[in-house]
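One structure is given here, and the rest of the page talks about it.
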Amino acid sequence: MISTSLIQAAAEDANPLVPNLWETLVVILGFLVLLFVVVKFIAPAFEKAYQDRRNAIEGGLSQAEEAKAEAEAMKAEYEQNLADSRAEASRIREEARAEGAQIVAEHKEKAAAEAARITEQAQQQIAAERQQAAVTLRQDVGTLATQLASRIVGEALEDDARSQRVVDRFLADLDAEQSNRTGAAQ
Amino acid sequence: MHSLALAADDEGGFAPPTISETHLPEIFPWMAEWGSGFGKNMLMVVLAVLAIWWFFSFAIRKQALVPSRLQFVAEGGYAFARNTLGRDILGEKHFKPWVPFLFTVFFFVLFNNLFGAIPFLQMPTFSHAGSAYAIAAIIWVTWIFMGFKLHGGRFLKLMTVPSGVPKWLLPLLIPIEFLSNFLIRPLTHSLRIMAVMLAGHIIVMLAGSGAEFLIAQQEGIGNASLGVLILLGSIPLYFLEIIMMVLQAFVFALLTAIYIQGSIEADAH
Chain W
-3 MISTSLIQAA
7 AEDANPLVPN
17 LWETLVVILG
27 FLVLLFVVVK
37 FIAPAFEKAY
47 QDRRNAIEGG
57 LSQAEEAKAE
67 AEAMKAEYEQ
77 NLADSRAEAS
87 RIREEARAEG
97 AQIVAEHKEK
107 AAAEAARITE
117 QAQQQIAAER
127 QQAAVTLRQD
137 VGTLATQLAS
147 RIVGEALEDD
157 ARSQRVVDRF
167 LADLDAEQSN
177 RTGAAQ
Chain L
87 MHSLALAADD
97 EGGFAPPTIS
107 ETHLPEIFPW
117 MAEWGSGFGK
127 NMLMVVLAVL
137 AIWWFFSFAI
147 RKQALVPSRL
157 QFVAEGGYAF
167 ARNTLGRDIL
177 GEKHFKPWVP
187 FLFTVFFFVL
197 FNNLFGAIPF
207 LQMPTFSHAG
217 SAYAIAAIIW
227 VTWIFMGFKL
237 HGGRFLKLMT
247 VPSGVPKWLL
257 PLLIPIEFLS
267 NFLIRPLTHS
277 LRIMAVMLAG
287 HIIVMLAGSG
297 AEFLIAQQEG
307 IGNASLGVLI
317 LLGSIPLYFL
327 EIIMMVLQAF
337 VFALLTAIYI
347 QGSIEADAH
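Chains as they are written, first to last, in this note's numbering: chain W, -3 to 182; chain L, 87 to 355.
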């Protein structure tokens, strides 16, 4: 307990504007110590945390930016590839079409050549057969005519040489008549 | 406690607590023969230093990118000193090196003021003129030092000769400017906070001792209920005091920033 006399003694010089120098000193010291601590430890820590966060956010943003750019590059590449393969496909199709057309043309040509060959062969054969037929016919007609004539005229015409001449003359007449007819038809 | 002793000794009439009682006796009687020794006030200064040191170091110890609640609060406090007091007033160009100083001023004053609202401590450090002079003197010395460092002898002229004033007015204005800038400014700076804190402290003391006197030492239900009313009334006052404590810390730090800005850019005015 504090005695009244002590308090009243203190009250005599109780001017609130008069400083207690020891208090002043302690406050100045306390402030300086705190300032030192703040400058040395606290402010750097806060600034560092702030800077780190800022970097992290900016880093995240730039990373996203990078990823986006990468994705766009990939997309462009993909589109390029797509266009390339489309062009390639159409080129191949075009080639195939051309090739096909060429093959068809070749085959047509070959077929036409074959047909022509076959036709020619057939005509040659026909001509040969006709020739043969003509020869055969000539002999047969001669023989038949001779037989007929001998039947009609009798035994007199048995002589070969004479009958051959008669037949030749007869056939020559026939040929002339024939060629006259075709000449008139032409 | 003291008012109880005082009132009991006087036998009867209410003796209001005096200003002297805001100066509490020494806790440790060292150096008592030269003055006040180590009083409660000084203990609270040390406490404030330790509390600020511990709180901000503890809150930022992880420096997490995604802050915890505590770190968020501490970062808010730091950002307030950095951006509101520093960048907004000193400008983008100069504020960086001053952030720790402004931070220290603001939180040193704030914590010491808030001691007035904490039971048992219940006394704002700056309700004592000695403390208020000390902190104002630090700022006074700082801004004058910065002024002379940046502007040399011209600083005196920049601070005392207002530009664009007729020449014949100067003999009158120069002494006024000198007084107002170099002498009155630190006084108002310190007395403003001291007066507000002391007034709040006296109100708390008066309410406490008055209510105690009415309830415990006077007869009758009327006096006792009046004492209860006083106690109830002191509750909103308590919250008002808290607002004043924060506000005064803000005003004090804001003025600090403005003074320093004035010395850095003395030639811009």
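Ideal placement from N, C-alpha and C gives every residue a C-beta, glycine not left out.
Mind reading off the beta-carbon distance from N199 of chain L to M331 of chain L? Whole number of angstroms is fine, and I expect it under 8 Å. 4 Å
Is T211 of chain L close to chain W? Criterion is C-beta to C-beta, closer than 9 Å. yes
Let me confirm a value: E173 of chain W is counted as buried when at least 16 other C-beta atoms fall within 10 Å, else exposed. Which label applies? exposed
Using beta carbons (cut-off 9 Å, strictly below), is E184 of chain W in contact with chain L? Outside the displayed span of chain W (-3 to 182) sits residue 184 of chain W, for which this structure offers no information.
Using DSSP with H/G/I as helix, E/B as strand and the rest coil, what is N199 of chain L? helix
With 8 Å as the C-beta to C-beta threshold (strictly closer), list the residues of the region 314 to 329 of chain L near chain W in chain order. none
Determine the contact status of A215 of chain L and L269 of chain L, defining contact as a CB-CB distance below 9 Å. no
Using a Cβ-Cβ cut-off of less than 7 Å, give me the residues of the region 26 to 58 of chain W that come near chain L, in sequence order. G26, F27, V29, L30, L31, V33, V34, V35, F37, I38, A39, A41, F42, K44, A45, D48, R49 and A52
Quick check: is the beta carbon of V14 of chain W nearer than 9 Å to any beta carbon in chain L? yes
How big is the Cα-Cα spacing for S81 of chain W and E95 of chain W? 20 Å
Which residue's Cα is closest to the Cα of P12 of chain W: L:K253, L:A203, L:I288 and L:I225? L:I288
Whole angstroms is fine: what's the gap from A72 of chain W's alpha carbon to I53 of chain W's? 29 Å
I'd like to know whether the C-beta atoms of E298 of chain L and G286 of chain L end up nearer to each other than 9 Å. no
I believe M283 of chain L touches E19 of chain W by the beta-carbon criterion, under 8 Å. Please report the beta-carbon distance rounded to the nearest angstrom. With a Cβ gap of about 13 Å, M283 of chain L and E19 of chain W do not count as contacting.
Buried or exposed: where does T211 of chain L fall if 16 or more other Cβ atoms within 10 Å of its Cβ makes it buried? buried
Does the beta-carbon of K126 of chain L have 16 or more other beta-carbons within 10 angstroms, so that it is buried, or is it exposed? buried
Kindly indicate the opening and closing residues of the alpha helix (DSSP H) around V314 of chain L. I307 to I350
Within its chain, find whatever has a CB closer than 6 Å to the CB of F234 of chain L; leave out the 5 residues flanking it on each side and keep chain order. F241
7 Å Cβ shell around H237 of chain L - same chain, five flanking residues per side excluded: L244, A352 and D353
Roughly how far, in whole angstroms, is the beta-carbon of F188 of chain W from the beta-carbon of Y164 of chain L, given that I think they are within contact range, below 8 Å? Within the shown structure, residues of chain W are numbered from -3 to 182, placing residue 188 of chain W beyond reach of any answer.
Comparing the C-beta of F338 of chain L with each C-beta of chain W, is any distance below 9 Å? no
For V159 of chain L, would you say it is in contact with chain W, using Cβ-to-Cβ distances shorter than 9 Å as the test? no
Are the C-beta atoms of L78 of chain W and some chain L residue less than 9 Å apart? no
Could you work out which residue in L:Y345, L:A343, L:I344 and L:Y324 is closest to G202 of chain L when comparing CA atoms only? L:Y324
L284 of chain L CB to nearest chain W CB: under 9 Å? yes
Does Y345 of chain L get closer than 9 Å to chain W when you measure Cβ to Cβ? no
Under 9 Å, do V131 of chain L and V22 of chain W count as touching if we go by C-beta distance? yes
Counted within 10 angstroms of its Cβ, other Cβ atoms place N16 of chain W as buried (16 or more) or exposed: buried
Cα separation between M209 of chain L and S320 of chain L? 15 Å
Check whether the Cβ atoms of H180 of chain L and A222 of chain L lie closer than 9 Å to each other. no
At a Cβ threshold of 9 Å, is E19 of chain W touching chain L? yes
How long is the line joining the alpha carbons of V163 of chain W and I122 of chain W, rounded to whole angstroms? 26 Å
At least three beta-carbon pairs within less than 8 Å, the region 184 to 192 of chain L to the region 165 to 173 of chain L: yes
What did DSSP end up calling F189 of chain L once you bin it into helix, strand or coil? helix
L255 of chain L classed as buried or exposed, judged by whether at least 16 other C-beta atoms fall within 10 angstroms: exposed
Note down, in chain order, every chain W residue with its Cβ under 8 Å from the Cβ of L171 of chain L. Result: empty, since nearest Cβ-Cβ is about 13 Å, beyond 8 Å.
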